[in-house]
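Enquirer: Have a look at this one.
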Amino acid sequence: MANKAPINKIISFSNVDGPGNRTSIFFQGCGFNCLFCHNPETINLCLNCGICMEKCPAGAISRDEEGRIVWDKDQCVSCDTCIQVCPHSSSPKIRWMTTDDVMQEIHRSAPYITGITCSGGECTIWYEFMLELFKKVKEINKGCLIDSNGSFDFEQDPRILEYCDGVMLDVKAANPEWHRTLTGADRDMVMKNLRYLLAANKLYEVRTLIFPDRDRENEETVKYVSEIIQDRCFYKIIRYRPFGVREENKKLLGEWTTDEKYAEQYAQLARDLGASKAYVV
Amino acid sequence: MSEALNIIKDETLTYRQELIALARLGESTDNTIRYSEAYYEGKRKGALCDLNEGVMPYRPRYICPDYDLLFEKGCAFLGIEPPTDLLEAVNALEIFYAHVPSITTYPVYLGDLDKLLTPFVEKEDPAFAKKVLKLFLLQIDKVLTDSFVHFDIGPEDNPTARMLLELTEEMQLAVPNITLKYDPERTSDDFALACIRCMLKTAKPSFANHRMFVSEWGEDYAIASCYNGLKKAGGGFTLPRMRLYECSLDASDADDFLNRVLPHYIDLQLEYMDKRVRFIVEESTFFKDNFLSTEGFVKQENFTGMFGVVGLAECCNNLLGITDKKKGFGLNREATQLGVRIMDAIEKRVSEHVAPYCDAFDHRYRLHAQVGIDTDGMQDSPGTRIPIGVEPTMLEQLEVNEIFHKYFPTGTGDIFKFEETYIKTPEAILPIIKGSLANGLRYFSGYLENNDVVRVTGYLVKKSEIEKLNQRKQSLNNVTVFGKGAQDGAHALDRRIQKHGE
Numbered sequence: 009m010a011n012k013a014p015i016n017k018i019i020s021f022s023n024v025d026g027p028g029n030r031t032s033i034f035f036q037g038c039g040f041n042c043l044f045c046h047n048p049e050t051i052n053l054c055l056n057c058g059i060c061m062e063k064c065p066a067g068a069i070s071r072d073e074e075g076r077i078v079w080d081k082d083q084c085v086s087c088d089t090c091i092q093v094c095p096h097s098s099s100p101k102i103r104w105m106t107t108d109d110v111m112q113e114i115h116r117s118a119p120y121i122t123g124i125t126c127s128g129g130e131c132t133i134w135y136e137f138m139l140e141l142f143k144k145v146k147e148i149n150k151g152c153l154i155d156s157n158g159s160f161d162f163e164q165d166p167r168i169l170e171y172c173d174g175v176m177l178d179v180k181a182a183n184p185e186w187h188r189t190l191t192g193a194d195r196d197m198v199m200k201n202l203r204y205l206l207a208a209n210k211l212y213e214v215r216t217l218i219f220p221d222r223d224r225e226n227e228e229t230v231k232y233v234s235e236i237i238q239d240r241c242f243y244k245i246i247r248y249r250p251f252g253v254r255e256e257n258k259k260l261l262g263e264w265t266t267d268e269k270y271a272e273q274y275a276q277l278a279r280d281l282g283a284s285k286a287y288v289v
Numbered sequence: 003m004s005e006a007l008n009i010i011k012d013e014t015l016t017y018r019q020e021l022i023a024l025a026r027l028g029e030s031t032d033n034t035i036r037y038s039e040a041y042y043e044g045k046r047k048g049a050l051c052d053l054n055e056g057v058m059p060y061r062p063r064y065i066c067p068d069y070d071l072l073f074e075k076g077c078a079f080l081g082i083e084p085p086t087d088l089l090e091a092v093n094a095l096e097i098f099y100a101h102v103p104s105i106t107t108y109p110v111y112l113g114d115l116d117k118l119l120t121p122f123v124e125k126e127d128p129a130f131a132k133k134v135l136k137l138f139l140l141q142i143d144k145v146l147t148d149s150f151v152h153f154d155i156g157p158e159d160n161p162t163a164r165m166l167l168e169l170t171e172e173m174q175l176a177v178p179n180i181t182l183k184y185d186p187e188r189t190s191d192d193f194a195l196a197c198i199r200c201m202l203k204t205a206k207p208s209f210a211n212h213r214m215f216v217s218e219w220g221e222d223y224a225i226a227s228c229y230n231g232l233k234k235a236g237g238g239f240t241l242p243r244m245r246l247y248e249c250s251l252d253a254s255d256a257d258d259f260l261n262r263v264l265p266h267y268i269d270l271q272l273e274y275m276d277k278r279v280r281f282i283v284e285e286s287t288f289f290k291d292n293f294l295s296t297e298g299f300v301k302q303e304n305f306t307g308m309f310g311v312v313g314l315a316e317c318c319n320n321l322l323g324i325t326d327k328k329k330g331f332g333l334n335r336e337a338t339q340l341g342v343r344i345m346d347a348i349e350k351r352v353s354e355h356v357a358p359y360c361d362a363f364d365h366r367y368r369l370h371a372q373v374g375i376d377t378d379g380m381q382d383s384p385g386t387r388i389p390i391g392v393e394p395t396m397l398e399q400l401e402v403n404e405i406f407h408k409y410f411p412t413g414t415g416d417i418f419k420f421e422e423t424y425i426k427t428p429e430a431i432l433p434i435i436k437g438s439l440a441n442g443l444r445y446f447s448g449y450l451e452n453n454d455v456v457r458v459t460g461y462l463v464k465k466s467e468i469e470k471l472n473q474r475k476q477s478l479n480n481v482t483v484f485g486k487g488a489q490d491g492a493h494a495l496d497r498r499i500q501k502h503g504e
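The listed protein sequences derive, respectively, from chains V and U. If you read the first sequence in my numbering, its first letter stands for residue 9, the second for the next number, and so on. If you read the second sequence in my numbering, its first letter stands for residue 3, the second for the next number, and so on.
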């Protein structure tokens, strides 16, 4: 039985998931539960509760003989009602795919892309699958990047780094309590990975989200990261955007996008501290 | 009111636009060239269209002069000596351009400007050279007021091309159109990226598949007007088009279309072309006494006829009874495959026809994917494009394009509209262009959403100029009115946007 993983979606062309034009593979499932998550439907695996099936206006969701939820792509009208009504931060539009299934799509976009990026959700949950996939992607001479929340212990199992060109690591907060509030998880493994991947020369980029009017938290995180990475990798300062964020969380984090000038101050701070490749998006 | 009076009283027309409209009206009073009754019937039905080319062609539709010859030996008729420095070179071109006719009355090909001007630019102080080029571009925009005016650059990087790109970005003009002749081995990534940055901000240059054009035309080819491949020192005699959707209305099914209707209309369009080509060569005096011909800037044997088609998508959908465009041509294998059968049939029949003259092309016409005109509405999508509004992902759209671009040596292309984030990631576009050209795409155009200068179907307009016409004011650019028609009637500017994460 071939190794399968739940794939939320595959985007053939992306310009925001690493250098060049990339095919991005979004895995389902994440160990974090970030308040600001803009695609919360990728957090959990489907529990087959059937609520989306009742609400789907196009009749695109049904059950198979074993009671599992099945999504019919051809019937779907892409209204996203299923995602909005799911009480479990999941989606019925998930495909359980083998690496060969995924490669079939990558082969199609291969002539036009620089490489692929595994994202999510949290792709490292599906480590063995990703390892198998990367080996196949390397055979066609395309680059492989990992977009990760840093919860996987790369030092303990570094096998994939041989096939991976780099990791794009989210460092959401330096302060342990603020990290726990934001993500529901400890920060220690993230920090360990930050240092380990940098030392292993596999840190492509660190990403930090800048929240509106959170001066203390923003500054603490940017300082922490900048002092470690210096000029050895990119530092992407991302403006918080409320789009896709769950309603109750917007009340805590903000209903508006972080001002560009406000975010630029933190990029400048990072550069002043030696992280010369810091920039705002 | 008479038609002439309508033109004269139209407050949105400039003096020059009135003059051109009145000349067209005058030309239309003649009926020297007669066609068969079946041809006129096809035209009445809208299945055949002459693109308002005029009933009595007194010059070829598109003319691509040999500007190297101008610089080599000057021009006796115009009293131009071979230029010795940049000012003389630019001055010679400006004078010459004023005397190059075309269907639009303006020159549709200004030359491979970087190659032409580099020997002179190199001898000047760069700041001075750039100033001269800036005034040159301004002269073109304000005097050759028509977006079908076009120059080419590349394939190699050079300082002149860089200056022209910088000025194009700085000046934000709709005229002239620009093409980069892209060759993966001769065009550096750095130069291609500079072109992409300029393209995002000004909708030009477009990327032409240099190897593909060279394989069909030899090195001496020009990209003129919208995206038309033609021979240098030559051009295109005429460009009529079959409106394939309207043709398909005569057929009972796909087989009937392929076996009966399609050959019928192909032959009528060939009849039309043959008669016009003969008239231009034998009756009109262009090739006999125009200095372009007598001094060798063009050679009659380097001209061919351009066999145009439009509306393949709607044709296929109609023949298969598909009413939902989202499930039609370009998104549905059966409809796209029918498109291939239709194009194969057109290519075969046209290539079997022995055309008068066209000596450099083995006496054959060449196919052209016509981009539509302002009055087409939603019924005929440009050439073989997927209809606006139902475009699939960019990957899928490219794959469909790659199937069809090979049929059209005299031009085809597609246009991609990019979301704002792409301005910061031009390196995400380069692999797409490289991959698609390697896979058989002929011509790639792009622009950034929210730009003022945008590409409509093949030509460029400024949205702010369309707004002037909407307010019943004049627009200097003759083409703005086509942009307004295409947007009003066919929503041509509402094409899919390539967003990050899609």
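C-beta atoms are modelled at their ideal positions from N, C-alpha and C, and glycine is treated no differently. Given the structure is predicted, the values throughout are model-derived calculations rather than measurements.
Which one or two residues does DSSP pair with His-115 of chain V in a beta bridge?
Expert: The partner list for His-115 of chain V (beta bridge, DSSP) is empty, contrary to what the question assumes.
Enquirer: Which residue or residues does DSSP assign as beta-bridge partners of Val-311 of chain U?
Expert: U:Met-244 and U:Ala-371
Enquirer: Assign Ser-22 of chain V to one of three DSSP states: helix, strand, or coil.
Expert: strand
Enquirer: Less than 8 Å between CB atoms is the rule here; does Leu-397 of chain U satisfy it with respect to chain V?
Expert: Any Cβ of chain V closer than 8 Å to the Cβ of Leu-397 of chain U would place that residue at the interface, and such an atom is present.
Enquirer: Run down chain U in chain order and give the residues with a C-beta less than 9 Å from the C-beta of Ile-59 of chain V.
Expert: Going along chain U, no residue has its Cβ under 9 Å from Ile-59 of chain V, so there is no contact; the nearest lies around 26 Å.
Enquirer: Do you know how far the Cα of Gly-237 of chain U is from the Cα of Gly-307 of chain U?
Expert: 9 Å
Enquirer: Cβ closer than 8 Å: which chain U residues qualify as neighbours of Val-149 of chain V?
Expert: Looking at the sequence provided, one finds Asn at residue 149 of chain V rather than Val. Here the premise fails: no neighbours, minimum Cβ distance about 13 Å.
Enquirer: Thinking C-beta only, is Leu-50 of chain U closer than 8 Å to Leu-270 of chain U?
Expert: yes
Enquirer: Closer than 8 Å, Cβ to any Cβ of chain V: which residues of the region 403–435 of chain U, in chain order?
Expert: Within the region 403–435 of chain U, contact with chain V at the beta-carbon level (separation under 8 Å) is assigned to Thr-423, Tyr-424, Lys-426, Thr-427, Glu-429, Ala-430, Ile-431, Leu-432, Pro-433 and Ile-434.
Enquirer: Excluding sequence positions up to five away, which residues of its chain have a Cβ less than 8 Å from the Cβ of His-46 of chain V?
Expert: So the qualifying residues of the chain are Arg-249, Phe-251, Gly-252 and Val-253.
Enquirer: Straight-line CA distance for Thr-386 of chain U to Leu-241 of chain U?
Expert: Spanning the alpha carbons of Thr-386 of chain U and Leu-241 of chain U requires a straight line of approximately 16 Å.
Enquirer: Is the beta carbon of Ser-117 of chain V closer than 8 Å to that of Asp-155 of chain V?
Expert: no
Enquirer: Taking the Cβ atom as the reference point for each residue, do Arg-474 of chain U and Thr-147 of chain U lie within a distance shorter than 8 Å?
Expert: no
Enquirer: What three-state label does DSSP hand Gly-44 of chain U in the structure shown?
Expert: In this structure, Gly-44 of chain U counts as helix in the three-state DSSP scheme.
Enquirer: Can you give the Cα-Cα distance for Leu-195 of chain U and Met-173 of chain U, rounded to whole angstroms?
Expert: 19 Å
Enquirer: Who does Met-105 of chain V pair with in a DSSP beta bridge?
Expert: For Met-105 of chain V, which the question treats as bridged, DSSP gives the partners V:Ala-13.
Enquirer: Which of the three DSSP states is assigned to Arg-351 of chain U in this structure?
Expert: helix
Enquirer: Are Phe-21 of chain V and Leu-333 of chain U closer than 8 Å when you measure CB to CB?
Expert: no
Enquirer: So what does DSSP say about Tyr-243 of chain V, is it helix, strand or coil?
Expert: Tyr-243 of chain V falls in the strand class under three-state DSSP.
Enquirer: Compare the C-beta of Ser-20 of chain V against all C-beta atoms of chain U and say whether one is closer than 8 Å.
Expert: Yes, because at least one Cβ of chain U sits closer than 8 Å to the Cβ of Ser-20 of chain V.
Enquirer: List the whole-angstrom C-beta distance separating Gly-75 of chain V from Thr-122 of chain V, where the pair is believed to meet the contact cut-off of C-beta under 8 Å.
Expert: Rounded, the Cβ-Cβ distance is 42 Å, inconsistent with contact.
Enquirer: DSSP three-state call for Thr-395 of chain U: helix, strand or coil?
Expert: coil
Enquirer: Which residues in chain B have a C-beta closer than 7 Å to the C-beta of Thr-122 of chain V? List them in chain order.
Expert: No chain B appears in the structure shown, which is made up of the protein chains V and U.
Enquirer: If the criterion is Cβ atoms closer than 8 Å, does the pair Val-279 of chain U and Tyr-359 of chain U meet it?
Expert: Result yes, Cβ atoms of Val-279 of chain U and Tyr-359 of chain U sit closer than 8 Å.
Enquirer: What does DSSP give as the partner residues of Ile-499 of chain U in its beta bridges?
Expert: U:Lys-419
Enquirer: List the whole-angstrom C-beta distance separating Val-179 of chain V from Thr-216 of chain V, where the pair is believed to meet the contact cut-off of C-beta under 8 Å.
Expert: 5 Å
Enquirer: Determine, using beta carbons only, whether Gly-437 of chain U comes closer than 8 Å to chain V.
Expert: yes
Enquirer: Using alpha carbons as the reference points, say which of U:Gly-113, U:Glu-74 and U:Cys-66 lies closest to Pro-103 of chain U.
Expert: The shortest C-alpha separation from Pro-103 of chain U is found at U:Cys-66.
Enquirer: Measuring CA to CA, which of U:Thr-181, U:Arg-343, U:Tyr-64 and U:Ser-217 is closest to Lys-288 of chain U?
Expert: This sequence places Phe at residue 288 of chain U; Lys is not what is there. Nearest of U:Thr-181, U:Arg-343, U:Tyr-64 and U:Ser-217 to Phe-288 of chain U, Cα basis: U:Tyr-64.
Enquirer: Under 7 Å Cβ-Cβ, which residues of chain U neighbour Pro-27 of chain V?
Expert: Glu-429
Enquirer: Around the Cβ of Thr-325 of chain U, are there at least 16 other Cβ atoms within 10 angstroms (buried) or fewer (exposed)?
Expert: Here Thr-325 of chain U is exposed. Its C-beta has fewer than 16 other C-beta atoms within 10 Å.
Enquirer: Hey, is Pro-119 of chain V's beta-carbon within less than 8 Å of any beta-carbon in chain U?
Expert: Answer yes: the Cβ-Cβ gap between Pro-119 of chain V and chain U drops below 8 Å somewhere.
Enquirer: Would you mind giving the Cβ-Cβ distance between Leu-450 of chain U and Leu-202 of chain U, rounded to the nearest angstrom? I have them listed as a contact below 8 Å.
Expert: 4 Å
Enquirer: Output yes if chain V places a C-beta closer than 8 Å to the C-beta of Ala-163 of chain U; else output no.
Expert: So, not an interface residue.
Enquirer: Leaving aside the five residues before and after Lys-234 of chain U along the sequence, list all residues of the same chain whose C-beta is less than 7 Å from its C-beta, in chain order.
Expert: Cys-66, Asp-68, Asp-222, Tyr-223 and Ala-224
Enquirer: Could you round the C-beta distance between Ala-275 of chain V and Ile-245 of chain V to whole angstroms and report it? I think they count as a contact, below 8 Å.
Expert: 5 Å
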